[in-house]
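Taking it in order: structure first as structure tokens, then the write-up.
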Amino acid sequence: MTVSQLKLLIGSLWCYTTTAFHTPSLLHQSSPHYLHHRWQQQQQQQHQHLPSAPLANKNALQSVSDVEAYNTVTSSASSATSLVDELEEIKRDLVVLSGNNNSDDKPSPQVIGDKVRRLEEVAEQVGIGQASSTSGLLNGEWELLYSPDDITRSSPFFWAFRRAFPDTSDQIFSITDNIPAPIKEVGPATQTIKTSTDNSNAESSSSLVSRIKVATLGGIATSIMTTRCTILNTEGLEGLRLRVESTKPEKSSVLETLGGPLGKLLSEKSMPFPSGEALEAAQPGSSEIVMVTTFCDEGLRVSRNADEFDGIFLWKRKSFGDGLGGGGSDI
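For the sequence shown, our numbering gives the first residue as 398, with consecutive numbering after it.
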């Protein structure tokens with residue numbers, strides 16, 4: 398890797414913090430009342446017809462068996478219902494806790510981790526939010542609720558950057574993370590995911606686009622740092638292998654304000670930085686990362702970097718993808 402390529406790659410990282418300055422009836426028959434009434438009718442018929450003692454005992458045993466079977470079914474149904482209720486309660490708790498993602502009151506990774514682990518346990522028992530890589534529910538637009546580190550770390554670019562520079566990435570990240578507000582403000586962050594159902598053309602039609610708003614000087618200068626990834630294939634039931642392709646600051650307020658229509662045109666037409674190629678030059682294979690989604694339903698998504706599985710990213714759905722309904726979804 399040449400010195401110029403290294404400079405370009407570091408520059409693409411730095412633009413996350415300075416980018417604003419640059420271009421960018423069966424139930425009735427199973428009810429307790431019905432079973433009790435049926436048992437009474439059986440007793441009356443036994444007295445009327447005076448059946449033999451063995452026959453009477455057989456009828457009585459059958460009635461008891463019916464009640465026991467009912468109790469077993471209703472107990473299982475009640476247990477499943479209570480677990481679903483618990484699942485919804487955990488989801489609500491996570492949303493409330495994540496409301497402080499970009500503040501000093503941000504919950505610790507341990508607090509979020511404990512909640513998420515219970516969420517995953519319950520979800521697996523009731524069969525909700527499973528097999529995310531093939532369910533189709535990943536498709537759509539998602540907004541970040543919680544990140545264990547700086548919001549920028551939700552971008553696959555940073556996951557790949559750590560793979561390219563495992564020994565120095567933390568030091569580089571700390572420089573940008575420690576720039577205080579209002580000099581640097583980050584958020585919101587969104588991801589738009591499109592998975593293909595046509596495996597023969599998956600590479601060209603499956604993608605993940607990460608967008609993170611970065612503001613400087615108290616919001617005077619803003620832009621959207623956009624990283625585009627190709628979804629190469631699925632990894633098991635929960636993983637997607639991504640390849641980082643490019644990074645670009647979009648919707649630069651400086652250009653669009655000072656340059657007028659021409660500035661907006663320049664911002665839209667400027668070429669993105671080929672961050673994937675630069676990452677590969679630094680460390681072959683580093684541009685590919687695996688996103689593991691351990692829970693994904695109509696409203697909430699739990700995703701992780703396979704290289705740092707303890708780091709949990711929570712996402713709330715903003716909209717569904719093609720073929721999965723329309724409009725947003727509240728949790």
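Think of the CB as a built atom: it goes at the ideal place given N, C-alpha and C, for glycine as much as any other residue.
Item: Return the bridge partner residues of Glu540 from the DSSP annotation.; Value: Thr587 and Lys713
Item: Using only alpha-carbon positions, find the residue among Pro577, Ile686 and Cys693 that is nearest to Arg559.; Value: Ile686
Item: Taking just the CA atoms, how far does Val689 sit from Gly718?; Value: 19 Å
Item: Just to check my reading of the structure: Thr619 and Ser607 have Cβ atoms closer than 8 Å, yes? What is that Cβ distance to the nearest angstrom?; Value: That pair is no contact at about 17 Å.
Item: Could you tell me the distance, in whole angstroms, from the CA atom of Ile569 to the CA atom of Glu521?; Value: 39 Å
Item: Once you ignore the five residues that flank Leu516 on each side, which residues in its own chain have a CB closer than 8 Å to its CB?; Value: Leu484, Ile487, Lys488, Leu491, Phe692 and Val699
Item: Verify whether the separation of the beta carbon atoms of Thr587 and Trp539 is less than 9 Å.; Value: yes
Item: By the DSSP assignment, the beta strand (DSSP E) with Thr573 in it spans what residues?; Value: No beta strand (DSSP E) holds Thr573; the alpha helix (DSSP H) holding it covers Ser566 to Asp574.
Item: Let me check one thing: in DSSP terms, what residues is Asn497 bridge-paired to?; Value: DSSP output for Asn497 lists no bridge partner at all.
Item: Counting Cβ pairs closer than 8 Å, one from the segment 701 to 719 and one from the segment 526 to 543, do we hit at least three?; Value: yes
Item: Going by the CB atoms, is the gap between Arg701 and Asp748 shorter than 9 Å?; Value: As shown, the chain starts at 398 and ends at 728. That puts residue 748 outside it, with no answer to give.
Item: List the DSSP bridge partners of Val689.; Value: Gly636 and Arg701
Item: Cβ atoms of Thr613 and Ile580: under 9 Å apart, would you say?; Value: yes
Item: Cα separation between Ser479 and Val493?; Value: 21 Å
Item: How should Ser672 be labelled, buried or exposed, when 16 other C-beta atoms within 10 angstroms of its C-beta is the threshold for buried?; Value: buried
Item: CB Leu605 to CB Ile628, shorter than 9 Å?; Value: yes
Item: Looking only at its own chain, which residues have a Cβ that is under 7 Å from the Cβ of Ser544, when we skip the five neighbours before and after it?; Value: Asn498, Arg550, Ser551 and Phe710
Item: Helix, strand or coil: which one does DSSP assign to Phe706?; Value: strand
Item: For the beta strand (DSSP E) that Leu614 lies in, which residues bound it at each end?; Value: Counting along the chain, Leu614 falls outside any beta strand (DSSP E), and DSSP gives it neither H nor E.
Item: Under 9 Å, do Leu676 and Val641 count as touching if we go by C-beta distance?; Value: yes
Item: For Pro646, which beta-bridge partners are listed by DSSP?; Value: Met622
Item: Could you tell me how far apart the beta carbons of Ser530 and Leu639 are, in whole angstroms, since I believe they sit closer than 8 Å?; Value: Ser530 to Leu639, Cβ: 12 Å. No contact.
Item: What's the C-alpha gap between Gly615 and Val583?; Value: 11 Å
Item: State the Cα-Cα distance for the pair Gly526 and Asn575, rounded to the nearest angstrom.; Value: 36 Å
Item: Buried or exposed: which applies to Ala679, given that a residue is buried once 16 or more other Cβ atoms fall within 10 Å of its Cβ?; Value: buried
Item: If you drop the 5 nearest sequence neighbours on each side, which residues of the same chain put their C-beta closer than 7 Å to that of Leu542?; Value: Val492, Ser495, Asn498, Leu711, Trp712 and Lys713
Item: Is the beta carbon of Pro585 sitting closer than 9 Å to the one on Lys610?; Value: yes
Item: Taking the alpha carbon of Glu632 as the point to measure from, which residue in Ser649, Glu674, Asp482 and Ala703 has its own alpha carbon closest?; Value: Ala703
Item: Check whether the Cβ atoms of Pro669 and Ser643 lie closer than 9 Å to each other.; Value: yes
Item: Where DSSP assigns a beta bridge to Ser604, which residues make up the other side?; Value: Lys591 and Thr627
Item: Pick out whichever of Ser667, Asn630 and Arg514 has its Cα sitting closest to the Cα of Lys648.; Value: Ser667
Item: Distance check for Val519 and Ser507, CA to CA, integer angstroms please.; Value: Reading the sequence as shown, one finds Gln at residue 507 and not Ser. So the alpha carbons of these two residues sit roughly 18 Å apart.
Item: Here's the rule I'm using: 16 or more other beta-carbon atoms within 10 Å means buried, otherwise exposed. How should Ile590 be labelled?; Value: buried
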